[in-house]
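This report refers to the structure that appears directly beneath it.
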Amino acid sequence: MIKLNFPSYSFSIKEENGTQMIFDEQRKKYVVLTPEEWVRQHLVKYLIHEKKYPSSLIAVETSLEVCHQSLRADVVVYHPDRFPLLIAECKAPTQPINQKVFDQIAVYNLTLDVRFLVLTNGLLHYCCRVDSDSKKCVFLNSIPDYFTAGGR
4 MIKLNFPSYS FSIKEENGTQ MIFDEQRKKY VVLTPEEWVR QHLVKYLIHE
54 KKYPSSLIAV ETSLEVCHQS LRADVVVYHP DRFPLLIAEC KAPTQPINQK
104 VFDQIAVYNL TLDVRFLVLT NGLLHYCCRV DSDSKKCVFL NSIPDYFTAG
154 GR
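For what it's worth, the working numbering labels the leading residue of the sequence shown as 4, then goes sequentially.
Structure follows, in structure tokens:
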């Protein structure tokens with residue numbers, strides 16, 4: 004896997020039947036190590052270690068329903084009062100973060116109604132604060148830390 008634009012973290016990686024697997028600490032199991040998963044695992048570690056989000060409030064591969072369609076959000080961070088605070092969409096490093104990706108996370112937010120949207124391909128990261136009243140996004144220079152985002 005390639006070096007991403009995150010700090011270096013250690014991961015438990017193994018090979019199983021010729022397939023590389025990475026241990027997902029949030030899901031408590033090994034999952035296939037795809038380029039997208041590599042980005043997702045880095046983002047989760049970044050949120051926990053650098054931005055101080057409690058790991059107990061981070062969900063990975065969260066199922067949700069939008070307009071009678073089952074979808075799956077890569078990362079959802081919850082407030083201690085259990086409402087969604089942030090959603091993140093992770094793409095492989097070779098995939099651009101474009102309008103299609105923004106549209107994808109915006110659809111997820113129809114159901115989740117979060118304060119922050121994060122999009123990353125591991126090389127480029129975008130974060131915006133959603134104003135739920137005006138339905139406008141304000142791009143931020145970085146992902147806010149847990150307390151700035153509204154955590155306790």
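Note that beta-carbon positions come from the ideal geometry of N, C-alpha and C, so glycine has one too.
- Of the candidates 125, 44 and 21, 44 places its Cα closest to the Cα of residue 31.
- Rounded to the nearest angstrom, the Cβ distance from residue 122 to residue 104 is 6 angstroms, consistent with a contact under 8 angstroms.
- Non-local beta-carbon contacts of residue 42 in its own chain, meaning distances under 8 angstroms to residues more than five positions away in sequence, involve 7, 93, 94, 95, 96, 123, 124 and 125 in chain order.
- Between the C-alpha atoms of residue 17 and residue 57 there is a straight-line separation of about 26 angstroms.
- Contact between residue 74 and residue 33 does not hold, since the beta-carbon distance rounds to 24 angstroms and is not under 8 angstroms.
- Listed as beta-bridge partners of residue 66 by DSSP are 75.
- Under the 10 Å beta carbon count, residue 118 is surrounded by 16 or more other beta carbons and is classified as buried.
- Contact between the segment 76-88 and the segment 46-64 is present: 3 or more CB-CB pairs across the two stretches fall below 8 angstroms.
- Rounded to the nearest whole angstrom, the C-alpha separation of residue 139 and residue 109 is 11 angstroms.
- If you ignore the 5 residues before and after residue 143, its C-beta comes within less than 7 angstroms of the C-beta of 130, 131 and 132, all in its own chain and listed in chain order.
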